[in-house]
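Structure, as structure tokens:
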Amino acid sequence: MGREVHRKAGRKLRARAQGRRGIWFGLGMFGVIGWSVAVPAVAFTALGVWLDRHWPADFSWTLTLLFIGVGVGCLNAWYWVREHTRPEDAEDETR
């Protein structure tokens, strides 16, 4: 077990020494951010279409919920980016 801990600690120190993340991390973050905005926007829009069919109103449920879904998605993306781009020293302090 001691060797395993030592190996993982060495990997973590090497990653810190490099100080930057690779292109795959950036592409992965791009994809996660896109999905974290698109999924709530589509889900809220689908709910809006359903509401427009079943409870018509003077305003469009679809447009209203589309804007809410995009807002929720943007907050979700902001939270994800904030949590995954903080320096590793800050992550160690919060644990």
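Heads up: the sequence shown is residues 1 to 95, going by UniProt numbering. Just so it is clear, CB atoms sit at the ideal spot from N, CA and C, and this is done for glycine as well.
Suppose contacts are defined by Cβ-Cβ distances below 9 Å. Is residue 66 in contact with residue 41 by that definition? For the purposes of this step, residue 66 is taken as residue 66 along the sequence shown, with counting starting at 1. For the purposes of this step, residue 41 is taken as residue 41 along the sequence shown, with counting starting at 1. Contact: yes.
Span separating the alpha-carbon of residue 32 from that of residue 54: Taking the sequence shown and counting its residues from 1, the one referred to as residue 32 is at position 32. Taking the sequence shown and counting its residues from 1, the one referred to as residue 54 is at position 54. If you draw a straight line from the Cα of residue 32 to the Cα of residue 54, it is about 33 Å long.
Cβ separation of residue 73 and residue 62, assumed to be a contact under 8 Å, to the nearest whole Å: Looking up residue 73 in the sequence shown gives position 73. Looking up residue 62 in the sequence shown gives position 62. About 16 Å separates the two Cβ atoms, so there is no contact after all.
Please go through the same chain and pick out, in chain order, the residues whose beta-carbon is closer than 8 Å to the beta-carbon of residue 64, but skip the five residues on each side of it. As a first step, residue 64 must be located in the sequence shown, where it is residue number 64. Once the five neighbours on either side are set aside, the close Cβ partners of residue 64 are 48.
Along the chain, where does the alpha helix (DSSP H) that runs through residue 52 open and close? Here residue 52 is taken as the residue at index 52 of the sequence shown, counted from 1. Residue 52 -> alpha helix (DSSP H) spans 23-54.
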